[in-house]
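Residue numbers (my numbering), protein chains in the order written: chain H, 160 to 339; chain D, 135 to 442. Heads up, the beta-carbon is just placed ideally off N, CA and C, and yes, glycines get one too.
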Amino acid sequence: MTRYAMVMDTRRCIGCGSCTVACKIHNELPIDIVYNPVTTIGPTGTFPDLTLSFLPLICMHCDNPPCVDACPTTASVQRADGIVHVVDSKCVGCLSCIMACPYGARQHNHETGTVSKCDFCKDRLEQGKLPHCVATCHQKARIFGDLHDPDSEVSKLINSNRTVQLLGELNTDPRVFYIY
Amino acid sequence: MSNKHQNWGWMLAVDFFFAGMGGGMLVIAAMVELFGGGTRMSLLGNLLGPVSMCIGCGFLMLELGRPLRAWRVFMNPKAILTVGAWMMSVAIISGFIYAAMAIPLDLIFWRGWTALGKCLAVVNLVTGLVVATYPGVLLGRLKGRPFWGGPGIIALYLLSSLITASAVHFLSGLLTPAPAMTIWHALPGLIAVLLLFQLLLWTGYLWIKQSGATAAEATSAQRWTSGDLSSAFKIGFVALGTVAPLVLVLLPFPAAQAVGAVLVLLGGVTMRLLTIRSGEDRTFLPGEQKYRLRLPTGDEEFLHKNWL
Numbered sequence: 160m161t162r163y164a165m166v167m168d169t170r171r172c173i174g175c176g177s178c179t180v181a182c183k184i185h186n187e188l189p190i191d192i193v194y195n196p197v198t199t200i201g202p203t204g205t206f207p208d209l210t211l212s213f214l215p216l217i218c219m220h221c222d223n224p225p226c227v228d229a230c231p232t233t234a235s236v237q238r239a240d241g242i243v244h245v246v247d248s249k250c251v252g253c254l255s256c257i258m259a260c261p262y263g264a265r266q267h268n269h270e271t272g273t274v275s276k277c278d279f280c281k282d283r284l285e286q287g288k289l290p291h292c293v294a295t296c297h298q299k300a301r302i303f304g305d306l307h308d309p310d311s312e313v314s315k316l317i318n319s320n321r322t323v324q325l326l327g328e329l330n331t332d333p334r335v336f337y338i339y
Numbered sequence: 135m136s137n138k139h140q141n142w143g144w145m146l147a148v149d150f151f152f153a154g155m156g157g158g159m160l161v162i163a164a165m166v167e168l169f170g171g172g173t174r175m176s177l178l179g180n181l182l183g184p185v186s187m188c189i190g191c192g193f194l195m196l197e198l199g200r201p202l203r204a205w206r207v208f209m210n211p212k213a214i215l216t217v218g219a220w221m222m223s224v225a226i227i228s229g230f231i232y233a234a235m236a237i238p239l240d241l242i243f244w245r246g247w248t249a250l251g252k253c254l255a256v257v258n259l260v261t262g263l264v265v266a267t268y269p270g271v272l273l274g275r276l277k278g279r280p281f282w283g284g285p286g287i288i289a290l291y292l293l294s295s296l297i298t299a300s301a302v303h304f305l306s307g308l309l310t311p312a313p314a315m316t317i318w319h320a321l322p323g324l325i326a327v328l329l330l331f332q333l334l335l336w337t338g339y340l341w342i343k344q345s346g347a348t349a350a351e352a353t354s355a356q357r358w359t360s361g362d363l364s365s366a367f368k369i370g371f372v373a374l375g376t377v378a379p380l381v382l383v384l385l386p387f388p389a390a391q392a393v394g395a396v397l398v399l400l401g402g403v404t405m406r407l408l409t410i411r412s413g414e415d416r417t418f419l420p421g422e423q424k425y426r427l428r429l430p431t432g433d434e435e436f437l438h439k440n441w442l
């Protein structure tokens, strides 16, 4: 069974924001909605020992997604392959999922009144393509694949590098892993 | 990822206030029905319970992005909001049927059915208790909201619901005297004890949060003690909504007790508005807040300029 996951190699990310822009344009997101921001950490330290790093964010497509349980309308669903997405026709815009998500990955679209979020570009996956943010990243900082396939790039990277999951203490079991 | 529309608004807080108060009123009425020696609270008080929950439902619907599809909140039995919606629906229906038993009309053919009154009281007790408790459970389960997380908020919400419910039952008894006069006379004392307990509980809650397990918890609690929410909390909730009514309800004058009961309601709604506002505080990821501040909100002046 396929289990999609993403690896963020923060050693490679240069904070260019290409992934953010690609996602925003291809998904035609409103001006105030961003699915995958890249935050800046730093600069820290004192000259000349300064460090600056970037943290690419996205929906964590948690294995134990609190947003799905919080949704009273069953609009938030988790597919068998792990993708968590919103069925727009069922969403009433109660914001329960937004409040439940510890990662701030869900956005209220004030034009439609509903909630939207990253779905790993599931339509593209069905065509055998990669999510827009992954395909756009020229530094190969975003790596996408099947976690259950031992030969996939994500499996190899996770098994051969020290990775962390964000807010792992909340028991959400995110499926986005960070190499640092 | 702007902050616009990313949190619940004041209407949900008002929903929690009315729903919790209505649920608490049903609980008190049911306790009197079951253990009050064949007496009841006032008709007005018994009617205001389900009416209050209806008002709460109205505010909940208005808070939704798509109010006309509100029926969908009944669809996921795993969600706390769904459980609350079902329980509130049952409580409203059961509450109205029970309250109607005191209306002297032939149309109310079940008014003499004592056994039905007891059965409805049991239903009201259970559903009312769930309705008074579920907002706290809903907030307490949210992992990423440091001020809400944990079971403490459940006790605070349940307690506030019972206090405001007692206050409305007291005020209703002033307007339309209740058959259970002995119990009605005891309500100010009960309110005073619960207010004192509420004050202690809030002190402990804020102290625990401020010295909390995470920096986010401490920061969110700091907003209440010395930050932007502190004035409303100290003046609106502690002074006017808790301490003043605590003194007033203990005075042997019905007018002073009535003012105290009204202030209790002010305190209840203030507490909910502030706690919902505290939902703005999330366990932010590194650099996220700075990033959010730089984002457009969609209502910038230059966007409205006619460029052609």
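{"Check": "When we look at the beta-carbon of Trp-142 of chain D and count the other beta-carbons within 10 Å, is it buried (16 or more) or exposed?", "Outcome": "buried"}
{"Check": "Count Cβ pairs between the stretch 343-359 of chain D and the stretch 269-282 of chain D that sit closer than 8 Å; are there 3 or more?", "Outcome": "yes"}
{"Check": "Establish whether the CB of Thr-169 of chain H and some CB of chain D are separated by less than 8 Å.", "Outcome": "no"}
{"Check": "Spell out whether any CB of chain D is found under 8 Å from the CB atom of Cys-253 of chain H.", "Outcome": "yes"}
{"Check": "For chain D, find out if any of its Cβ atoms is closer than 8 Å to the Cβ of Met-165 of chain H; answer yes or no.", "Outcome": "no"}
{"Check": "By the 10 Å Cβ neighbour count, where 16 or more other Cβ atoms means buried, how is Gly-323 of chain D classified, buried or exposed?", "Outcome": "exposed"}
{"Check": "Enumerated in chain order, which unbroken segments of the alpha helix (DSSP H) with a length of 4 residues or greater are wholly contained in the stretch 154-216 of chain D?", "Outcome": "177-197"}
{"Check": "Which two residues bound the contiguous alpha helix (DSSP H) that contains Ala-164 of chain H?", "Outcome": "Run containing Ala-164 of chain H: none in the alpha helix (DSSP H); it sits in the beta strand (DSSP E), 163-168."}
{"Check": "Among D:Leu-293, D:Lys-252, D:Val-327, D:Gly-246, which has the Cα closest to the Cα of Val-265 of chain D?", "Outcome": "D:Leu-293"}
{"Check": "Taking Cβ positions, are Ala-147 of chain D and Arg-416 of chain D nearer each other than 8 Å?", "Outcome": "no"}
{"Check": "Considering just the uninterrupted stretch of the alpha helix (DSSP H) at Leu-382 of chain D, what are its terminal residues?", "Outcome": "378-382"}
{"Check": "Got a sec? Which residues, its chain only, sit under 6 Å from Asn-180 of chain D by beta carbon, not counting five neighbours each side?", "Outcome": "Ala-163, Ala-233"}
{"Check": "Since Leu-198 of chain D meets chain H, which of its residues come closer than 8 Å, beta carbon to beta carbon?", "Outcome": "Val-251, Gly-252, Cys-253, Gly-272"}
{"Check": "Taking contact to mean at least 3 C-beta pairs separated by less than 8 Å, is the stretch 297-310 of chain D in contact with the stretch 278-291 of chain H?", "Outcome": "no"}
{"Check": "Under the rule that 16 or more other beta-carbon atoms within 10 Å means buried, what is Glu-328 of chain H, buried or exposed?", "Outcome": "exposed"}
{"Check": "Alpha carbon to alpha carbon, how far is Pro-201 of chain D from Phe-193 of chain D?", "Outcome": "10 Å"}
{"Check": "CB Ala-264 of chain H to CB Ile-217 of chain H, shorter than 8 Å?", "Outcome": "yes"}
{"Check": "Can you tell me which of H:Asn-320, H:Phe-336, H:Arg-162 puts its alpha carbon nearest to the alpha carbon of Ala-239 of chain H?", "Outcome": "H:Arg-162"}
{"Check": "Quick one: which chain D residues come within Cβ less than 7 Å of Leu-326 of chain H?", "Outcome": "Thr-417"}
{"Check": "Leaving out five residues on either side along the sequence, give the residues of the same chain with a beta carbon under 6 Å from the beta carbon of Gln-344 of chain D.", "Outcome": "Ala-352, Ala-355"}
{"Check": "Are the CB atoms of Leu-374 of chain D and Gly-401 of chain D nearer to each other than 8 Å?", "Outcome": "yes"}
{"Check": "Based on DSSP bridge pairs, tell me the residues matched to His-267 of chain H.", "Outcome": "H:Val-274"}
{"Check": "Along the stretch 169-191 of chain D, what residues have a CB closer than 7 Å to any CB found in chain H?", "Outcome": "none"}
{"Check": "List the residues of chain H that Tyr-291 of chain D touches, going by C-beta distances under 7 Å, in chain order.", "Outcome": "Residues of chain H passing the Cβ test: none, with the nearest at roughly 15 Å."}
{"Check": "Thinking just about the alpha-carbon of each residue, which of D:Thr-404, D:Ala-390, D:Val-396, D:Asp-362 is nearest to the one in Phe-371 of chain D?", "Outcome": "D:Thr-404"}
{"Check": "Could you check the C-alpha separation between Leu-168 of chain D and Val-256 of chain D for me, to the nearest Å?", "Outcome": "8 Å"}
{"Check": "Given Thr-216 of chain D, which residues of its chain have a CB within under 8 Å of its CB, disregarding the five upstream and five downstream residues?", "Outcome": "Val-207, Phe-208, Met-209, Asn-210"}
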